[in-house]
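Single-structure report; data block below.
Numbering (the numbering used here), first residue to last: 4 to 146.
Right, here's the structure in full:
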């Protein structure tokens, strides 16, 4: 009986780890497209109904904003090639419940080699036809 229970725990751990890696890979694919200004690559890992929200924090308080996926894709494609940018993810904290997952990713954002701001992204994903799709992104931004 102990061997059975131990075997089930190992199998469960392996399944959980595999799902976490799939979620993390989806986020990494998103950022690969983001850094290369490839809105089509980003769209492949995002739901058609994706929503984006931001909370900018500064000395005057915080400001909440929303953006449609279409505007987001347009903004990515229109970033000048002379601008260098990089969003460095500082880790992943992934939680999965069935067909839903979230990934909490602290980050630092650099423009032309200088730190612009930092914060946390929270990605919400939905497993559709065996593939994780990003359905919502909310982030904080602090100078």
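Here a beta-carbon is modelled for each residue, glycine too, at the ideal position from N, C-alpha and C.
* Asked: On the three-state DSSP scale, how would you describe residue 115?
  -> In the chain shown, counting from the first residue as 1, residue 115 sits at position 112. Looking at residue 115 - three-state DSSP - the assignment turns out to be coil, as it is neither helix nor strand.
* Can the beta-carbon of residue 110 be found less than 8 Å from the beta-carbon of residue 90? -> Along the chain shown, read from residue 1 onward, the residue named residue 110 stands at position 107. Along the chain shown, read from residue 1 onward, the residue named residue 90 stands at position 87. Against a cut-off of 8 Å, the Cβ pair of residue 90 and residue 110 comes out as a contact.
* Enclosing alpha helix (DSSP H) for residue 74 [first to last residue] -> Taking the chain shown and counting its residues from 1, one reaches residue 74 at position 71. Counting along the chain, the alpha helix (DSSP H) containing residue 74 begins and ends at 72-80.
* To do: Identify every residue that forms a DSSP beta bridge with residue 34.
  => As a working note, residue 34 is residue 31 in the chain shown. The partner list for residue 34 (beta bridge, DSSP) is empty, contrary to what the question assumes.
* To do: Name the one or two DSSP bridge partners that residue 125 has.
  => Counting from one through the chain shown, the residue named residue 125 turns up at place 122. 107 and 141.
* Cα separation between residue 135 and residue 45? -> As a first step, residue 135 is located in the chain shown; it is residue number 132 there, counting from the start. As a first step, residue 45 is located in the chain shown; it is residue number 42 there, counting from the start. Rounded to whole angstroms, residue 135 and residue 45 show a C-alpha spacing of 13 Å.
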